[in-house]
Amino acid sequence: MTWTEELATSENRHVQQMLRDTGRMPRHVAIIMDGNGRWAQERGRPRIDGHREGMESVRAVVKTSSQLGIKYLTLYAFSIENWKRPLPEVRFLMSLLESYLRKEVDELHANGVRIRTIGKTNALPKSVQRVLKESIDRTAENEGLTLTLALSYGARWDILRAVQVLAMDVRRGKVSPEDLTEETISDYLQTSFMPDPDLIIRTSGEIRLSNFLLWEAAYAELYVTEDLWPDFRSPDLYRALTDYVMRERRFGKISAQVRSDHSATTMSTLERILNALT
Ligand code: FPP
Numbered sequence: 013m014t015w016t017e018e019l020a021t022s023e024n025r026h027v028q029q030m031l032r033d034t035g036r037m038p039r040h041v042a043i044i045m046d047g048n049g050r051w052a053q054e055r056g057r058p059r060i061d062g063h064r065e066g067m068e069s070v071r072a073v074v075k076t077s078s079q080l081g082i083k084y085l086t087l088y089a090f091s092i093e094n095w096k097r098p099l100p101e102v103r104f105l106m107s108l109l110e111s112y113l114r115k116e117v118d119e120l121h122a123n124g125v126r127i128r129t130i131g132k133t134n135a136l137p138k139s140v141q142r143v144l145k146e147s148i149d150r151t152a153e154n155e156g157l158t159l160t161l162a163l164s165y166g167a168r169w170d171i172l173r174a175v176q177v178l179a180m181d182v183r184r185g186k187v188s189p190e191d192l193t194e195e196t197i198s199d200y201l202q203t204s205f206m207p208d209p210d211l212i213i214r215t216s217g218e219i220r221l222s223n224f225l226l227w228e229a230a231y232a233e234l235y236v237t238e239d240l241w242p243d244f245r246s247p248d249l250y251r252a253l254t255d256y257v258m259r260e261r262r263f264g265k266i267s268a269q270v271r272s273d274h275s276a277t278t279m280s281t282l283e284r285i286l287n288a289l290t
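Just so it is clear: in the sequence shown, position 4 is 16 by this note's numbering, and no numbers are missing.
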């Protein structure tokens, strides 16, 4: 049974329909998955247990995003700074990533998910690079959810890399400095294939971006929840999305100029969403 078929019988259908009916769903959701270690420590268990349980949240959120028709989901799975963690933890995270892809790629493919990565992926172990390449190639033509894994990723690393390539193109005469625009910069970033994130979710209560999508996040709505990542499941995603659809995105304009965008959304529908969630 595909994820969409499954939905026909599930209680999630109602709330997903209501969210879609607002006509204001984000095209791109990006998530800073934080709090795995604390989740484990709170239970007197090793940190890796938190990562293992966090993997279940990844599964839930990918499936729900796909069912909701969200086009882009980007997960901050391993930052460029995470290499500084104790080696056993780094090794465990790499093996978790590898087994996730090996086990799940069939199901992801069957559900139209396209897998991509951003980050310094040539720093990953060779076996991980291999399975990533296989998964990316296999799902390249899919047109459903684009699931981007940020791996060995840092926004400043990507910006620096982009500036270096751009500077070389200027030197070769391919680009002239007077013609540079914001779009040029976006085109040189590894994220050029995706729209900017509309909504960035961060778990575990920390209110910062931690070197995630710094250029791309210029107009993103930020949603921070106290939930630790292993506790973040589909209802929590619905809550974040409900919060998002109720916000007014002004992009520098004044409220009266964007008011008409709201006509599709009635407060009663939104109230029903919230009631369905509780
Ligand atoms: C942050 O929690 C989480 C990470 C550094 C890794 C996130 C990885 C997973 C959820 C599993 C692998 C993901 C994929 C997509 C295959 P933390 O360890 O920083 O928690 P803490 O702040 O409580 O210590």
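All C-beta atoms, glycine included, are put in the ideal place defined by N, C-alpha and C.
- Using a cutoff of 8 angstroms, the CB of Asn223 does not count as near ligand 1, since none of the ligand's heavy atoms is closer than that.
- Per DSSP, reduced to three states, the secondary structure at Arg284 is helical.
- The C-alpha of Glu119 lies about 24 angstroms from the C-alpha of Leu136.
- With respect to the 9 angstroms criterion, Ile92 and Gly131 are classified as neighbours on the basis of their beta carbons.
- Around Ser139, the same chain offers Glu110 as residues with beta carbons nearer than 7 angstroms, after the five sequence neighbours per side are excluded.
- Looking at the backbone, the Cα of Tyr165 and that of Ala174 are separated by about 14 angstroms.
- In the DSSP assignment, Phe90 falls within the unbroken beta strand (DSSP E) covering 84 to 91.
- In terms of Cβ geometry, Arg128 and Thr160 form a close pair [threshold 9 angstroms].
- In the pairwise beta carbon analysis, the segment 227 to 244 is classified as touching the segment 47 to 61: at least three pairs are separated by under 8 angstroms.
- Setting aside the 5 residues that flank it on each side, Leu31 is surrounded in the same chain by Met37, Leu80, Tyr250, Leu253, Thr254, Val257, Ile285, each with a C-beta closer than 8 angstroms to its C-beta; the list follows chain order.
- By the Cβ criterion, the segment 95 to 113 is not in contact with the segment 177 to 190, since fewer than three pairs of Cβ atoms, one from each stretch, lie closer than 8 angstroms.
- With a threshold of 16 other beta carbon atoms within 10 Å, Asn134 falls short and is exposed.
- With a cut-off of 8 angstroms, the C-beta of His121 is classified as distant from ligand 1, since no heavy atom of the ligand falls inside that distance.
- Under a 10 Å Cβ-count criterion, Asp149 is classified as exposed, with fewer than 16 other Cβ atoms of the shown protein chains found around its own Cβ.
- Sequence-distant partners of Met45 (beyond 5 residues in either direction) whose C-beta falls short of 8 angstroms from its own C-beta, in its chain, are Gly66, Ser69, Val70, Leu87, Tyr88, Ala89, Thr215, Trp241, Phe244.
- Residue environment: Ala162 is assigned as buried (16 or more neighbouring CB atoms within 10 Å of its CB, all protein chains considered).
- A distance below 6 angstroms between beta-carbons, with the five flanking residues on each side excluded, links Ser246 to the following residues of its chain, in chain order: Ala72, Thr76.
- With 16 or more other Cβ atoms inside 10 Å of its own Cβ, Asn123 counts as buried.
- Residue Glu195 holds the alpha-carbon nearest to the alpha-carbon of Ser204 among Asn154, Ile212, Arg220, Glu195.
- Of Thr151, Asp210, Phe224, Val125, the smallest CA-CA separation from Phe263 is found for Asp210.
- C-alpha of Ala232 to C-alpha of Trp169: approximately 20 angstroms in a straight line.
- Look at the segment 113 to 179 and you find these whole runs of alpha helix (DSSP H), each 4 residues long or longer: 138 to 151.
- Scanning the segment 38 to 106 from its first residue to its last, the whole alpha helix (DSSP H) runs of 4-plus residues come out as 48 to 54, 59 to 80.
- In this structure Pro207 touches Arg39 by the C-beta definition: roughly 6 angstroms separates them, less than 8 angstroms.
- Taking 9 angstroms as the cut-off, the Cβ atoms of Ile82 and Leu157 count as close.
- Closer than 8 angstroms to some heavy atom of ligand 1: that does not describe the Cβ of Gln141.
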